[in-house]
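Peer 1: After the C-alpha coordinates below, expect a handful of questions from me.
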Amino acid sequence: MGLEQTTVEPVDGHDGGMPTATRLNGIPEEDHRIFPQAPGSRPDLASTPTQKRAAANTISTELQPNTKKAGNRPDEAMAKAISAFSGWATGSGLKTVDTTWEKQVKTLLGRLDSEKSALGS
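Read in order, the letters of the sequence shown are residues 0 to 120 in numbering that gives the first Met the number 0.
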(Lines of atoms letter the chains of each structure in order from A and count residues from 1; the text may use other names and numbers.)
(Lines give C-alpha, C1' and ligand atoms only; values in the text may rest on other atoms or scores of the structure.)
Protein backbone atom coordinates (compact mmCIF):
# COMPACT_ATOMS: atom_id res chain seq x y z
CA MET A 1 0.00 0.00 0.00
CA GLY A 2 1.22 3.46 -0.77
CA LEU A 3 1.54 6.46 1.48
CA GLU A 4 -0.55 9.29 0.12
CA GLN A 5 -0.68 12.93 1.09
CA THR A 6 -2.76 15.67 -0.53
CA THR A 7 -2.24 19.37 0.06
CA VAL A 8 -3.92 22.47 -1.31
CA GLU A 9 -1.53 25.12 -0.03
CA PRO A 10 0.62 26.88 -2.65
CA VAL A 11 4.35 26.94 -2.03
CA ASP A 12 5.81 30.36 -2.76
CA GLY A 13 2.93 31.07 -5.12
CA HIS A 14 3.52 27.94 -7.21
CA ASP A 15 0.64 25.77 -8.41
CA GLY A 16 -1.86 28.55 -7.66
CA GLY A 17 -3.48 26.53 -4.90
CA MET A 18 -4.09 23.50 -7.11
CA PRO A 19 -4.06 20.20 -5.22
CA THR A 20 -0.80 18.30 -5.27
CA ALA A 21 -0.31 14.69 -4.31
CA THR A 22 2.58 12.50 -3.31
CA ARG A 23 2.39 8.76 -3.63
CA LEU A 24 5.16 6.49 -2.51
CA ASN A 25 5.61 2.81 -3.22
CA GLY A 26 3.22 2.61 -6.13
CA ILE A 27 2.32 3.78 -9.60
CA PRO A 28 -0.51 6.16 -10.51
CA GLU A 29 -3.90 4.56 -11.15
CA GLU A 30 -3.89 5.72 -14.77
CA ASP A 31 -0.71 3.72 -15.36
CA HIS A 32 -2.12 0.44 -14.00
CA ARG A 33 -3.41 -0.47 -17.45
CA ILE A 34 0.10 0.02 -18.85
CA PHE A 35 1.93 -1.71 -15.98
CA PRO A 36 -0.49 -4.30 -14.57
CA GLN A 37 2.30 -6.13 -12.70
CA ALA A 38 4.61 -4.74 -10.09
CA PRO A 39 7.37 -2.56 -11.54
CA GLY A 40 10.26 -4.73 -12.67
CA SER A 41 8.22 -7.92 -12.96
CA ARG A 42 7.58 -9.65 -16.25
CA PRO A 43 4.77 -12.10 -16.86
CA ASP A 44 6.90 -13.95 -19.42
CA LEU A 45 9.97 -14.30 -17.20
CA ALA A 46 10.66 -17.99 -16.73
CA SER A 47 13.64 -20.29 -16.87
CA THR A 48 14.22 -23.98 -17.16
CA PRO A 49 16.82 -26.06 -15.31
CA THR A 50 18.79 -26.19 -18.58
CA GLN A 51 18.82 -22.39 -18.85
CA LYS A 52 19.89 -22.09 -15.22
CA ARG A 53 22.77 -24.55 -15.74
CA ALA A 54 23.82 -22.61 -18.85
CA ALA A 55 23.80 -19.34 -16.90
CA ALA A 56 25.80 -20.91 -14.05
CA ASN A 57 28.25 -22.30 -16.60
CA THR A 58 28.68 -18.85 -18.15
CA ILE A 59 29.45 -17.43 -14.72
CA SER A 60 32.04 -20.19 -14.11
CA THR A 61 33.71 -20.20 -17.51
CA GLU A 62 33.51 -16.56 -18.56
CA LEU A 63 32.50 -14.06 -15.91
CA GLN A 64 34.55 -15.29 -12.95
CA PRO A 65 37.83 -15.89 -14.84
CA ASN A 66 37.56 -12.61 -16.74
CA THR A 67 36.70 -10.70 -13.57
CA LYS A 68 39.73 -12.20 -11.77
CA LYS A 69 41.95 -11.36 -14.73
CA ALA A 70 40.68 -7.78 -14.94
CA GLY A 71 40.89 -7.41 -11.17
CA ASN A 72 44.54 -8.47 -11.12
CA ARG A 73 45.59 -6.41 -14.13
CA PRO A 74 46.51 -3.21 -12.28
CA ASP A 75 48.42 -5.00 -9.48
CA GLU A 76 51.97 -4.83 -10.89
CA ALA A 77 51.70 -1.29 -12.22
CA MET A 78 50.00 -0.12 -9.04
CA ALA A 79 52.70 -1.69 -6.85
CA LYS A 80 55.39 0.14 -8.86
CA ALA A 81 53.52 3.45 -8.58
CA ILE A 82 52.95 3.04 -4.84
CA SER A 83 56.65 2.29 -4.39
CA ALA A 84 57.72 5.22 -6.56
CA PHE A 85 55.56 7.64 -4.59
CA SER A 86 56.22 6.22 -1.13
CA GLY A 87 56.59 8.96 1.44
CA TRP A 88 54.32 11.25 -0.57
CA ALA A 89 50.60 11.80 -0.15
CA THR A 90 50.20 10.42 -3.67
CA GLY A 91 51.67 7.08 -2.58
CA SER A 92 49.26 6.90 0.34
CA GLY A 93 46.36 7.80 -1.94
CA LEU A 94 47.35 5.14 -4.45
CA LYS A 95 47.53 2.56 -1.67
CA THR A 96 44.00 3.49 -0.59
CA VAL A 97 42.76 3.20 -4.18
CA ASP A 98 44.46 -0.19 -4.55
CA THR A 99 42.95 -1.50 -1.31
CA THR A 100 39.49 -0.27 -2.36
CA TRP A 101 39.88 -1.88 -5.80
CA GLU A 102 40.85 -5.23 -4.26
CA LYS A 103 37.83 -5.13 -1.93
CA GLN A 104 35.50 -4.33 -4.82
CA VAL A 105 36.87 -7.17 -6.95
CA LYS A 106 36.52 -9.57 -4.01
CA THR A 107 32.94 -8.41 -3.43
CA LEU A 108 32.07 -8.86 -7.11
CA LEU A 109 33.58 -12.35 -7.19
CA GLY A 110 31.58 -13.22 -4.07
CA ARG A 111 28.42 -11.93 -5.73
CA LEU A 112 29.12 -14.05 -8.81
CA ASP A 113 29.58 -17.10 -6.54
CA SER A 114 26.26 -16.34 -4.85
CA GLU A 115 24.46 -15.98 -8.17
CA LYS A 116 26.00 -19.21 -9.43
CA SER A 117 24.89 -21.02 -6.27
CA ALA A 118 21.40 -19.57 -6.54
CA LEU A 119 21.18 -21.00 -10.05
CA GLY A 120 21.77 -24.42 -8.54
CA SER A 121 25.13 -25.25 -10.04
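No residue lacks a Cβ here, since even glycine has one placed at the ideal position from N, Cα and C.
#1: Taking the alpha-carbon of L62 as reference, which of L107, L118, M77, L93 has the nearest alpha-carbon?
#2: If E114 sits next to I58, beta carbons under 8 Å apart, how far is it from one beta carbon to the other, in whole angstroms?
#3: One question on the structure: do G70 and I81 come within less than 8 Å of each other, judged by their Cβ atoms?
#4: Does the distance between the C-beta of T49 and the nearest non-hydrogen atom of the ligand FMN fall short of 7 Å?
#5: If you reduce the DSSP assignment to three classes, tell me which class M0 lands in.
#6: Starting from G70, trace the alpha helix (DSSP H) in both directions and tell me its first and last residue.
#7: Which whole-angstrom value is the C-beta distance of L111 and T60, which I expect to be below 8 Å?
#8: Whole angstroms are fine: how far does the CA of A78 sit from the CA of G92?
Peer 2: This is what the structure holds:
#1: For the purposes of this step, residue 62 is taken as the residue at position 63 of the sequence shown. Nearest C-alpha to L62: L107.
#2: Numbered from 1 along the sequence shown, position 115 holds the residue referred to as residue 114. Numbered from 1 along the sequence shown, position 59 holds the residue referred to as residue 58. Contact holds; Cβ gap of about 6 Å.
#3: Within the sequence shown, residue 70 is the residue found at index 71, counting from 1. Within the sequence shown, residue 81 is the residue found at index 82, counting from 1. For G70 and I81, no; Cβs fall outside 8 Å.
#4: Of the ligands one can find in the structure shown there are none, so the ligand FMN has no counterpart to examine.
#5: Within the sequence shown, residue 0 is the residue found at index 1, counting from 1. Low per-residue confidence applies at M0: pLDDT is 45, beneath 50, and the placement is therefore not dependable, though the value from the model is reported in the following sentence. In the displayed model, M0 falls within coil according to three-state DSSP, outside both helix and strand.
#6: Here residue 70 refers to the residue found at position 71 when the sequence shown is read from its first residue. That run of the alpha helix (DSSP H) goes 63-71.
#7: Residue 111 sits at position 112 when you count from the first residue of the sequence shown. Residue 60 sits at position 61 when you count from the first residue of the sequence shown. Approximately 12 Å separates the beta-carbon atoms of L111 and T60; this is outside 8 Å, ruling out the contact.
#8: Position 93 of the sequence shown, counting from 1, holds the residue named residue 92. Position 79 of the sequence shown, counting from 1, holds the residue named residue 78. Each residue's Cα considered, the two are about 12 Å apart.
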